[in-house]
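Read through the structure below, which is laid out as structure tokens, and then see the notes.
Have a look at this one:
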């Protein structure tokens with residue numbers, strides 16, 4: 136063991152050099168310091184911590200917003216006119232920035248652990264400033280252009296809250312090692328008190344955090360409602376081009392209970408399925424009618440619409456990254472799709488006895504059907520032969536007239552209204568965005584016999600939360616994914632969660648006490664031994680954590696001189712006992 140100690144010292148010095156070198160470009164031993172961090176560098180440490188926290192929220196937001204990536208890309212298309220997957224560069228830069236800032240945070244904590252002075256290199260300061268600035272710009276941009284998406288955070292916390300709490304508890308408990316070390320090494324009572332109070336406040340807050348955590352998935356298993364019905368929004372757009380017959384056929388194969396589409400009206404009064412205002416994104420209108428590629432979709436007659444190809448764009452753009460997994464026969468089917476009419480959709484739904492819901496877009500001013508769009512659509516529904524109770528009617532225009540002509544339609548509102556108002560208007564269903572209805576709202580509507588359908592639900596975690604909330608049905612672009620969720624991802628009773636909460640707090644408290652006792656063992660031992668006088672150098676020497684050899688030698692000499700003056704032993708014996716050559720006054724190489 137004696138022979139290997141120089142190698143251990145060398146390895147320790149090498150690790151220390153790498154630590155201070157990467158963080159502050161202080162590779163040489165003489166460049167390092169155990170002095171207190173300057174106020175300027177302390178400010179940069181706070182900036183680093185703030186940047187890390189901001190990036191953590193930003194990263195979490197985009198991770199949970201995965202449910203709405205297609206919505207985001209469609210939003211970008213409407214602004215730029217080009218279909219691109221805008222989430223790729225955002226996710227790449229977010230991952231790179233978060234990794235970089237997290238790495239600097241780890242280095243800073245390691246500096247604190249070994250008692251090194253924090254001195255962030257100027258290149259890292261530029262990097263931190265850049266990350267902070269770009270993240271702040273990202274927050275502002277999302278708030279101005281896609282502000283409604285922030286609602287995904289409180290919704291997602293209903294699924295992740297209990298687990299994020301446990302993760303935060305583990306992290307803060309681990310920080311006890313650094314806090315205890317700082318308290319043990321510090322000679323300033325005020326600093327010790329402030330650090331302890333701050334740490335204990337955070338720890339106590341985490342211990343009590345479950346009081347504010349609410350989740351519909353914390354419930355008795357017997358109270359779980361039946362699995363919500365899944366409605367294929369635009370069919371199954373991950374498996375086939377949106378709003379095509381093939382897409383709806385694929386959705387039916389995924390055992391959906393209904394089909395949802397976006398409906399426009401052609402120049403000659405034929406309702407057809409189209410989400411965009413133009414035909415440019417989802418058809419080959421640039422090739423067939425190049426001069427009309429920016430014209431409103433409703434300006435085409437049905438003959439022209441039916442001549443367009445509505446599948447090749449899917450193979451080219453691959454919006455959901457699924458084309459590569461398709462068989463050759465499937466690729467040929469996708470590539471030969473055409474624009475689908477509302478009548479075709481209704482006949483397909485009638486054949487399978489499935490519900491149909493659609494978003495009807497009014498034609499622009501000057502269109503031949505501008506005033507008759509409701510009657511034109513209603514006429515197609517009645518002529519298709521579909522049972523009226525299978526159609527969810529959402530337009531608010533002329534609702535009373537529609538009810539008189541087709542009293543069997545399921546009157547559905549896309550506006551969140553009180554149950555009493557809905558009943559007065561003869562409305563029995565609601566179609567809302569998933570962030571517009573809380574679990575309490577869903578339960579209230581359910582008690583009032585108002586069925587709630589929430590859109591667009593693509594992720595299993597969101598489906599699970601809404602399932603536990605008691606929602607009756609969801610509209611999804613990913614019925615192929617939700618099909619694989621036969622039960623909520625997690626479900627626990629209040630007693631089970633309370634047990635986990637108390638157990639986690641007790642384990643954390645025990646670990647924190649153990650760490651503080653271990654780090655401050657020598658101070659506690661001398662105080663409990665009844666000694667009225669002890670040497671500060673002896674306690675500081677025992678509690679020192681990886682001090683430099685020069686600091687340790689000075690502390691040892693102070694301790695030896697103090698004990699000699701107290702008559703503990705001879706100077707020669709004490710020097711040899713503490714690893715010093717009495718005659719040369721140098722540390723003995725072990």
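In my numbering, the protein residues as written are 136 to 725.
The C-beta atom is built at its ideal place from N, Cα and C for all residues, glycine as well.
Since residue i and residue j should fall inside the 8 angstroms C-beta cutoff, what is the C-beta to C-beta distance between them, to a whole number of angstroms?
i: residue 180; j: residue 253; result: 6 angstroms
i: residue 116; j: residue 233; result: Look at the range of the chain in this structure, 136 to 725, and you will see that residue 116 is not part of it.
i: residue 363; j: residue 626; result: The pair is not a contact, with the Cβ atoms about 15 angstroms apart (cut-off 8 angstroms).
i: residue 597; j: residue 202; result: 6 angstroms
i: residue 443; j: residue 466; result: Rounded, the Cβ-Cβ distance is 19 angstroms, inconsistent with contact.
i: residue 416; j: residue 218; result: 6 angstroms
i: residue 511; j: residue 412; result: With 8 angstroms as the limit, residue 511 and residue 412 do not qualify as a contact, their Cβ atoms being about 19 angstroms apart.
i: residue 615; j: residue 371; result: 6 angstroms
i: residue 752; j: residue 599; result: The chain is shown only over 136 to 725; residue 752 falls outside these bounds and no answer can be derived.
i: residue 590; j: residue 609; result: 7 angstroms
i: residue 480; j: residue 408; result: 7 angstroms
Give the straight-line distance between the Cα atoms of residue i and residue j, rounded to the nearest whole angstrom.
i: residue 458; j: residue 337; result: 49 angstroms
i: residue 174; j: residue 251; result: 15 angstroms
i: residue 569; j: residue 162; result: 54 angstroms
i: residue 410; j: residue 295; result: 33 angstroms
i: residue 196; j: residue 287; result: 8 angstroms
i: residue 279; j: residue 272; result: 11 angstroms
i: residue 214; j: residue 171; result: 53 angstroms
i: residue 559; j: residue 542; result: 15 angstroms
i: residue 330; j: residue 313; result: 11 angstroms
i: residue 532; j: residue 297; result: 45 angstroms
i: residue 504; j: residue 291; result: 43 angstroms
i: residue 671; j: residue 321; result: Reliability of the predicted coordinates at residue 671 is poor, the pLDDT of 49 falling under 50, and no value is obtained from them.
i: residue 573; j: residue 631; result: 24 angstroms
i: residue 428; j: residue 557; result: 41 angstroms
i: residue 460; j: residue 537; result: 45 angstroms
i: residue 382; j: residue 227; result: 31 angstroms
i: residue 152; j: residue 456; result: 45 angstroms
i: residue 651; j: residue 188; result: 27 angstroms
i: residue 192; j: residue 425; result: 45 angstroms
i: residue 576; j: residue 595; result: 21 angstroms
i: residue 483; j: residue 513; result: 17 angstroms
i: residue 699; j: residue 323; result: Confidence at residue 699 is low in this model, with a pLDDT of 46, below 50, so the placement of that residue should be treated as unreliable; the coordinate-derived value is given next. So the two alpha carbons sit approximately 27 angstroms from each other.
i: residue 571; j: residue 637; result: 33 angstroms
i: residue 445; j: residue 470; result: 8 angstroms
i: residue 439; j: residue 473; result: 11 angstroms
i: residue 583; j: residue 216; result: 44 angstroms
i: residue 293; j: residue 402; result: 47 angstroms
i: residue 475; j: residue 604; result: 35 angstroms
i: residue 212; j: residue 289; result: 27 angstroms
i: residue 535; j: residue 508; result: 15 angstroms
Can you tell me whether residue i is buried or exposed, with buried defined as 16 or more other CB within 10 angstroms of its CB?
i: residue 147; result: exposed
i: residue 231; result: exposed
i: residue 368; result: buried
i: residue 177; result: exposed
i: residue 555; result: exposed
i: residue 550; result: exposed
i: residue 379; result: buried
i: residue 399; result: buried
i: residue 435; result: buried
i: residue 205; result: buried
i: residue 229; result: buried
i: residue 357; result: exposed
i: residue 377; result: buried
Please go through the same chain and pick out, in chain order, the residues whose beta-carbon is closer than 6 angstroms to the beta-carbon of residue i, but skip the five residues on each side of it.
i: residue 515; result: 406, 477 and 478
i: residue 654; result: 315, 316 and 319
i: residue 499; result: 431
i: residue 646; result: 308
i: residue 628; result: 355
i: residue 453; result: none
i: residue 386; result: 367, 370, 371 and 614
i: residue 311; result: 647 and 650
Within a Cβ cutoff of 8 angstroms, which residues of the same chain sit near residue i, ignoring the five residues on either side of it in sequence?
i: residue 564; result: 527, 545, 546, 547, 548, 585, 586, 587 and 588
i: residue 207; result: 200, 221, 222, 281 and 284
i: residue 618; result: 365, 389 and 390
i: residue 300; result: 341, 344, 345 and 348
i: residue 246; result: 154, 155, 158, 252 and 253
i: residue 104; result: Lying before the first or after the last residue shown, residue 104 is absent from the chain, which here runs from 136 to 725.
Chain B beta carbons: is any one of them nearer than 9 angstroms to that of residue i?
i: residue 646; result: This model lacks chain B altogether, as it is built from one protein chain only.
Going along the chain, which residues of its own chain have a beta-carbon closer than 7 angstroms to the beta-carbon of residue i, five neighbours each way excluded?
i: residue 640; result: 342
i: residue 523; result: 541, 543 and 544
i: residue 353; result: 627, 629 and 632
Task: Contact the stretch 513 to 527 vs the stretch 411 to 427: 3+ CB pairs below 8 angstroms - done: no
Open item on the list: Below 8 angstroms, how does it come out for the stretch 387 to 401 and the stretch 487 to 507: are there three or more Cβ pairs, yes or no?
Closed with: yes
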